[in-house]
Structures are given as structure tokens and as C-alpha cells.
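Asker:
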Amino acid sequence: MRTDDLILSLSQDARPVRRLPPPTRRALGWFALAVPVVAAIALTLGLRADLGLRMAEPAFVIQLIACGLTAFCAAIAGLALTVPGTPKVWALLPIPPMLVWLGGFGRQCFLEWLSPQSGELLNGPHLHCLPDIAVITAIPTVVLLLMLRRGACFEPRLPVMLGGLAAAALAHGGLSLAHPEDSGLLVLIFQFIAVGLLALVVGTKPMGMTRGSE
Amino acid sequence: MDIAANPPFEALSGLIESKGGQAVTSGEQREPGTAWGALMAAAQDGDGAAYGRLLAEITPMLRRIVRRRWGDTDCEDIVQEVLISLHRVRHTYDPQRPFMPWLMAIAQFRVADAARKSARRNIHERPEWSFEFGLPDVAADEPDEPQGDPQLLRRAIANLPEGQRRAVELLKLEERSLKEAAVETGMSVGALKVAVHRGLKALRAAMTGKER
Numbered sequence: 011m012r013t014d015d016l017i018l019s020l021s022q023d024a025r026p027v028r029r030l031p032p033p034t035r036r037a038l039g040w041f042a043l044a045v046p047v048v049a050a051i052a053l054t055l056g057l058r059a060d061l062g063l064r065m066a067e068p069a070f071v072i073q074l075i076a077c078g079l080t081a082f083c084a085a086i087a088g089l090a091l092t093v094p095g096t097p098k099v100w101a102l103l104p105i106p107p108m109l110v111w112l113g114g115f116g117r118q119c120f121l122e123w124l125s126p127q128s129g130e131l132l133n134g135p136h137l138h139c140l141p142d143i144a145v146i147t148a149i150p151t152v153v154l155l156l157m158l159r160r161g162a163c164f165e166p167r168l169p170v171m172l173g174g175l176a177a178a179a180l181a182h183g184g185l186s187l188a189h190p191e192d193s194g195l196l197v198l199i200f201q202f203i204a205v206g207l208l209a210l211v212v213g214t215k216p217m218g219m220t221r222g223s224e
Numbered sequence: 025m026d027i028a029a030n031p032p033f034e035a036l037s038g039l040i041e042s043k044g045g046q047a048v049t050s051g052e053q054r055e056p057g058t059a060w061g062a063l064m065a066a067a068q069d070g071d072g073a074a075y076g077r078l079l080a081e082i083t084p085m086l087r088r089i090v091r092r093r094w095g096d097t098d099c100e101d102i103v104q105e106v107l108i109s110l111h112r113v114r115h116t117y118d119p120q121r122p123f124m125p126w127l128m129a130i131a132q133f134r135v136a137d138a139a140r141k142s143a144r145r146n147i148h149e150r151p152e153w154s155f156e157f158g159l160p161d162v163a164a165d166e167p168d169e170p171q172g173d174p175q176l177l178r179r180a181i182a183n184l185p186e187g188q189r190r191a192v193e194l195l196k197l198e199e200r201s202l203k204e205a206a207v208e209t210g211m212s213v214g215a216l217k218v219a220v221h222r223g224l225k226a227l228r229a230a231m232t233g234k235e236r
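Residue numbers (this note's numbering), protein chains in the order written: chain L, 11 to 224; chain R, 25 to 236.
This is the structure we're talking about:
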């Protein structure tokens with residue numbers, strides 16, 4: 011086919027398309043949907059008995075805020091990277107809140123290591139939390155992946171991993187309201203295995219290149 | 025985003041400057057990216073005329089970029105793939121943002137994809153060069169079929185009837201499955217098998233100069 015004929019054929023096929031909103035607005039949309047879902051699941055699981063006490067601890071509140079910020083920033087970064095031409099430096103956006111979030115683990119591990127009694131984090135993974143983790147991470151992950159697929163990405167691994175990070179952070183925030191044990195490490199391990207496998211499957215082919223979004 | 029700091033945009037600026045700023049064929053003196061962004065926004069709203077004009081205006085520039093990065097071989101095919109990709113992802117363009125980085129990302133991907141496909145094709149075309157197959161037997165007689173002239177093969181493929189050409193390209197060059205090729209072409213699996221068989225037979229005849 012000659013290029014002129016192709017141009018003619020494409021211009022004849024120029025149906026109106028629904029523009030992709032800016033990544034911040036899309037991330038807000040995801041947040042608005044995922045936060046109530048995670049909160050509802052946490053309420054269904056039952057809020058932890060010592061929640062009032064924990065909410066009085068600045069470290070707990072800071073970690074909770076860092077979870078939310080990590081989720082939001084990772085969602086923005088992932089969604090931004092599904093727009094062609096977006097610099098990859100956007101992937102660094104969730105790093106600062108993530109460092110605060112992960113720093114909370116490190117601090118808690120260090121304090122437990124210093125303490126003569128064994129604590130919740132160094133006691134080994136709380137495998138009984140696994141079903142709750144699967145439930146609470148599933149919906150935010152699936153919704154965000156569907157949103158990512160509306161974009162176009164030539165190397166989808168990075169956006170998929172960022173989407174997984176966003177869902178993991180949000181899930182950990184929700185679970186820390188329900189579980190007396192800190193399940194954050196298990197959430198991370200679970201989510202990175204799940205999203206890593208997903209990235210291997212869907213991350214190999216360019217995303218959104220097979221059809222338009224009329 | 026600072027588009028001037030964007031490497032693809034810098035490369036593009038160089039190309040535009042090298043042509044004396046004549047990237048816009050209408051002859052108007054304006055920033056091509058801005059004008060093209062407006063045309064793209066109109067195209068997103070379903071304005072076919074604006075879309076046709078945009079594609080016609082960017083094609084010579086895409087051709088120069090592809091030629092510079094890839095060379096003349098298959099240049100027009102890659103340009104066409106860029107245009108098709110642009111069409112498929114046109115909903116992702118944000119009229120508030122610069123047009124050039126968006127377009128360049130698509131073009132860069134298509135050039136890189138062509139390089140990947142070419143490398144894969146070359147590996148499949150020369151299995152005797154791999155350790156798995158051992159070293160080539162230089163003492164052996166020349167095979168019946170000549171080693172093959174890529175230009176001749178390309179011309180022979182281009183001369184095939186449309187159905188056979190598509191079948192050979194999708195199934196043999198791009199290594200798609202029969203199912204994927206059927207979806208792409210709208211042909212049945214049976215028809216594709218027949219088309220690829222006939223296409224290969226015609227290619228063999230064209231390359232060796234004799235019917236088999």
C-alpha cells in the first residue's frame with residue numbers, strides 16, 4: 011500500500027475519540043474508587059482493637075500517610091507512563107513517600123531487634139493474613155491495570171510495576187487498620203510476586219497498540 | 025514539560041532546521057509542533073480533513089527521521105507503521121502538552137521495533153552460524169538454491185498478490201500465529217495456510233528462477 015493511500019484511509023477513519031484525561035485526574039479517579047473499597051474490606055475484616063492507641067502514635071500516623079501518598083504517587087507515575095513521550099523520570103515520583111513507608115519497617119525491625127522480647131515483625135511472616143491480603147489488593151490492582159490499559163505503552167513493565175506498588179501501598183494502609191500484626195512485609199512480598207508474574211505476562215507486548223479507544 | 029530539553033525533540037529540531045523550517049508544507053511560518061498539536065486535537069474530535077493534513081505534513085519529516093536512524097531499507101514500511109500506531113493511540117495525545125515528544129516516542133518505538141524484528145529474522149535466516157548447528161561446512165557443495173539476495177527477496181515479496189504477501193509477512197516474517205494473522209487479515213485459517221503455501225512457492229520460483 012502506498013503511504014498516500016494509507017493517509018487517505020486513516021483520515022477517512024478519523025472517528026472522534028475519547029481523550030485520555032491527565033494522569034493526576036485519572037489517579038484521583040482510581041483513588042476515589044479504591045480507597046472506599048479498601049476501607050470497606052478493612053471494616054468487614056474488623057478494625058483492630060488497639061486502633062485508638064495506635065492512632066495516637068505519630069510513627070503509625072506517618073506510616074499511614076506515607077502509604078496513601080505512595081499509592082497516589084505510584085498511580086500517577088504509572089498512568090503518566092502510559093502516554094507516549096512521557097519521560098521515564100516520572101517513575102521516581104513515588105520514591106520519597108515510599109522511603110518513608112519502608113523506613114517505618116526498618117525502624118520497627120530495628121526497635122524489635124533491640125528489644126529483649128520478640129516483636130511482631132521479626133516473628134516471621136503472618137501467613138494467616140494471606141487471604142485478607144489477596145482480597146484487599148485484588149480490586150485496586152485490577153482497576154488500576156484496566157486503567158493502564160486505556161493508555162498506550164511500548165514497554166509496559168514499568169507502569170505495571172508502579173500500578174502494583176500503588177495497590178500494595180493502599181492495601182497495607184487498609185490492613186494496618188484491621189490487623190493487629192503488621193502485615194506490610196507480607197503485602198509487599200505477595201504483591202511483588204503477583205505483579206512480577208503479571209508483568210512477565212502482560213509486560214512483554216506493547217500496551218494499547220492493537221486498537222484505538224473510540 | 026520543557027520540550028527543548030527532550031532529546032527526541034532536539035533531534036527533530038535539527039531535522040527541521042536542516043530543511044530550512046519547511047516542515048509545514050502549507051508554507052506558513054509557524055511553530056510546526058504547535059500547529060500539528062492543533063491539527064491532532066481537531067483529528068481527535070473527528071475532523072478527517074485536519075487529520076489528513078496532519079499526516080501528510082508529518083510524513084516527510086518521519087521519512088527523514090527513519091532514514092537517518094534506520095537507512096533506506098524498509099523506510100517506507102516503518103513510516104507507515106508509525107502512522108498506523110499514531111492512529112491507534114491518538115486518544116492518548118493531550119492537546120495541552122507538546123505534540124513533538126508524543127510523536128517522536130511513537131516513531132522511536134517503531135524504529136526500535138523494526139530493529140528487533142530484523143535481528144530476529146536474521147537469526148532465523150542463518151541457523152548454520154550458531155553453535156547449536158555447528159560451523160558452516162565450507163567444503164560442501166553449493167546448495168541448489170542461491171544464498172539469496174535480500175533486495176531480490178524483498179522485491180519478490182512485494183510482487184506477490186496481496187493475500188499471499190500479507191500471509192507471508194504475518195506468518196513468516198512477523199512470526200504471528202495463524203489465529204493472530206486471521207484476526208489481522210480477516211481471512212480464515214485455511215485460506216491463510218493456502219496463501220502462505222502458494223506465496224512461498226512463488227517466492228522460491230522467483231528466487232531460483234525455476235518452477236518446483
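Positions of the beta carbon are idealized from the N, C-alpha and C atoms, including for glycine.
#1: Do L224/R and A14/R come within 7 Å of each other at the CB atom, strictly closer than that value?
#2: Mind checking if R114/R is an interface residue toward chain L, Cβ cutoff 7 Å exclusive?
#3: Does A62/R get closer than 7 Å to chain L when you measure Cβ to Cβ?
#4: Just verifying my parser: in three-state terms, what is the DSSP assignment at Y75/R?
#5: Could you give the C-beta distance for A87/L and A101/L, rounded to a whole number, given that I count them as a contact under 8 Å?
#6: In chain order, what residues of the same chain have a beta carbon less than 6 Å from the beta carbon of I17/L, not counting five sequence neighbours either side?
#7: Can you tell me the Cα-Cα spacing of A205/R and L185/L, whole angstroms?
#8: In this structure, how does DSSP classify S212/R when only helix, strand and coil are distinguished?
#9: Starting from the C-beta of L43/L, find all residues in its chain whose C-beta is less than 7 Å away, skip the five residues before and the five after it, and write them out in chain order.
#10: Starting from the Cα of M146/L, find the closest Cα among V27/L, P106/L, H189/L, R159/L and give me that residue.
#11: What does Q104/R touch in chain L if you count any residue whose Cβ is under 8 Å from its own?
#12: Select from R28/L, R160/L, I105/L, W123/L the residue whose C-alpha is nearest the C-alpha of A179/L.
#13: By the DSSP assignment, the alpha helix (DSSP H) with A49/L in it spans what residues?
#14: Candidates L91/L, T92/L, E67/L: which alpha carbon is nearest G225/L's?
#15: Using a Cβ cut-off of 9 Å, pull out every chain R residue sitting near L30/L, in sequence order please.
#16: So the candidates are E100/R, E199/R, A131/R, T232/R; which of them puts its Cα closest to the Cα of V113/R?
#17: When burial is assigned at 16 or more other CB atoms within 10 Å of the CB, is A24/L buried or exposed?
#18: Taking buried to mean at least 16 other C-beta atoms within 10 Å of its own C-beta, is P120/R buried or exposed?
#19: Can the beta-carbon of F123/R be found less than 7 Å from the beta-carbon of M85/R?
#20: To the nearest angstrom, how far is it from the Cα of R87/R to the Cα of W94/R?
#21: Check for me: the alpha helix (DSSP H) holding A85/L runs from which residue to which?
#22: Assign P226/L to one of three DSSP states: helix, strand, or coil.
#23: Do you know offhand how far G61/R's Cα is from T116/R's?
#24: Are the C-beta of P185/R and some C-beta of chain L separated by less than 7 Å?
#25: DSSP on L184/R, reduced to helix/strand/coil?
#26: Comparing C-alpha positions only, which one of F120/L, L155/L, E165/L sits nearest to L175/L?
#27: Which residues in chain L have a C-beta closer than 8 Å to the C-beta of Q68/R? List them in chain order.
#28: Counting only Cβ pairs nearer than 7 Å, list the residues of chain R close to V95/L.
#29: Does the distance from the CB of L89/L to the CB of R36/L come in under 7 Å?
#30: Would P107/L and L63/L qualify as a contact pair, given that the criterion is a beta-carbon distance under 7 Å?
#31: Do L187/L and A52/L have their beta-carbon atoms positioned less than 7 Å apart in this structure?
#32: Among the residues of its own chain, which have a CB less than 6 Å from the CB of E105/R, if the five just before and after it don't count?
#33: What does the alpha-carbon distance come out to for the pair L194/R and V27/L?
#34: Please look up how many angstroms separate the CB atoms of W123/L and Q73/L, rounded, as I've assumed it's under 8 Å.
#35: Hey, does L20/L have any beta-carbon neighbour from chain R nearer than 7 Å?
#36: When you compare the CB positions of P216/L and F164/L, do they come within less than 7 Å of one another, or not?
Answerer: Per the coordinate set shown:
#1: Nothing can be reported for residue 14/R, as the shown portion of chain R is limited to 25 through 236.
#2: yes
#3: no
#4: helix
#5: That pair is a contact at about 5 Å.
#6: none
#7: 46 Å
#8: coil
#9: V153
#10: A quick correction: the sequence has Ile, not Met, at residue 146/L. Among V27/L, P106/L, H189/L, R159/L, the Cα nearest to that of I146/L is on H189/L.
#11: For Q104/R, the residues of chain L that pass the 8 Å Cβ criterion are M11, T13, L16, in the order they occur in the chain.
#12: It is I105/L.
#13: 33-55
#14: What the structure shows of chain L is the stretch from 11 to 224, and residue 225/L is not part of that stretch, so it cannot be assessed.
#15: H115, T116, Y117, D118
#16: A131/R
#17: buried
#18: The sequence given here has Gln at residue 120/R, not Pro. Of the other Cβ atoms in all chains shown, fewer than 16 fall within 10 Å of the Cβ of Q120/R; this residue is therefore exposed.
#19: Against a cut-off of 7 Å, the Cβ pair of M85/R and F123/R comes out as no contact.
#20: Each residue's alpha carbon lies about 10 Å from the other.
#21: Annotation: the continuous alpha helix (DSSP H) that includes A85/L extends over 68-90.
#22: In the structure as shown, chain L starts at 11 and stops at 224, and residue 226/L therefore has no counterpart that could be examined.
#23: 12 Å
#24: no
#25: coil
#26: L175/L has its Cα closest to that of L155/L, out of F120/L, L155/L, E165/L.
#27: Under the 8 Å cutoff, chain L gives P26, V27, R29.
#28: Reading off the sequence shown, one finds Gly at residue 95/L, where the question assumed Val. By Cβ distance, chain R contributes P125, W126, M128, A129.
#29: yes
#30: no
#31: Going by C-beta atoms, A52/L is nearer than 7 Å to L187/L.
#32: R134
#33: 28 Å
#34: Not quite, the Cβ-Cβ distance comes to about 18 Å (not below 8 Å), so this is no contact.
#35: yes
#36: A contact, by the Cβ cut-off of 7 Å.
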